[in-house]
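K.L.:
Residue numbers for the sequence shown, in our numbering: 52 to 152.
Positions of the beta carbon are idealized from the N, C-alpha and C atoms, including for glycine.
This is the structure I have questions about; it appears just below.
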Amino acid sequence: MKLLIVTVVEEFDTEILQMFKKAHIDSYSGSDIDGYKNVAPMVRTASWFPSEKGGVESSLFFSFTEDENIDQLFGLIKEFNSKMETNNPIKAVVVPIEKSI
């Protein structure tokens, strides 16, 4: 069993949940988050309120799941990211679990 963590811009919530279903990841948790990227100083100074930074509405999902489900999901994410037209790919990481109760 491993811990799968996925971040996605809110625009792709429906797509990632469909991918979870195809990968047989039926149990997961999610949370709304704000995503941030370092912005070039030129862009920041062009803002009306340059000291304010705005985040991108995003989602974080996590699941304790098996390798075969993760492999299938990674394939689906890789295919999806290769076809996207924005600079906001779905990102996923896997963390091994040493102990669990």
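Contact defined as beta carbons within less than 8 Å: I believe I56 pairs with F113. What is the distance between those atoms, to the nearest angstrom?
P.N.:
Translated into positions along the sequence shown, residue 56 becomes position 5. Translated into positions along the sequence shown, residue 113 becomes position 62. The Cβ separation is near 5 Å, so the contact holds.
K.L.:
S110 and G86: beta carbons closer than 7 Å?
P.N.:
Within the sequence shown, the letter at position 59 stands for residue 110. Within the sequence shown, the letter at position 35 stands for residue 86. No, the pair does not count as a contact, with Cβ atoms beyond the cut-off.
K.L.:
As a quick exercise: from F115, K134, S133, pick the residue whose alpha carbon is nearest that of K53.
P.N.:
On the sequence shown, residue 53 is found 2 positions in, with the first residue counted as 1. For K53, the nearest C-alpha among the options comes from F115.
K.L.:
Starting from K142 and walking both ways along the beta strand (DSSP E), at which residues does that stretch end?
P.N.:
Position 91 of the sequence shown, counted from the first residue, corresponds to residue 142. From DSSP, the beta strand (DSSP E) with K142 extends over 142-147.
K.L.:
Skipping 5 residues on each side, what residues in its chain have a beta carbon closer than 6 Å to that of N139?
P.N.:
To locate residue 139, count along the sequence shown from 1; it is residue 88. Once the five neighbours on either side are set aside, the close Cβ partners of N139 are V60.
K.L.:
For K53, does the three-state DSSP call read helix, strand or coil?
P.N.:
The count along the sequence shown starts at 1 and reaches residue 53 at position 2. Three-state result, K53: strand.
K.L.:
Rounded to the nearest angstrom, what separates Q123 and A74 at their Cα positions?
P.N.:
The residue you call residue 123 lines up with position 72 of the sequence shown. The residue you call residue 74 lines up with position 23 of the sequence shown. Cα-Cα distance, rounded: 5 Å.
K.L.:
Decide if M70 is buried, meaning its Cβ has at least 16 other Cβ atoms within 10 Å, or exposed.
P.N.:
Residue numbering aside, residue 70 sits at position 19 when the sequence shown is read from its first letter. So M70 counts as buried.
K.L.:
Within 7 Å (strictly less), CB to CB, does D85 reach chain C?
P.N.:
No chain C is present in this structure, which holds just one protein chain.
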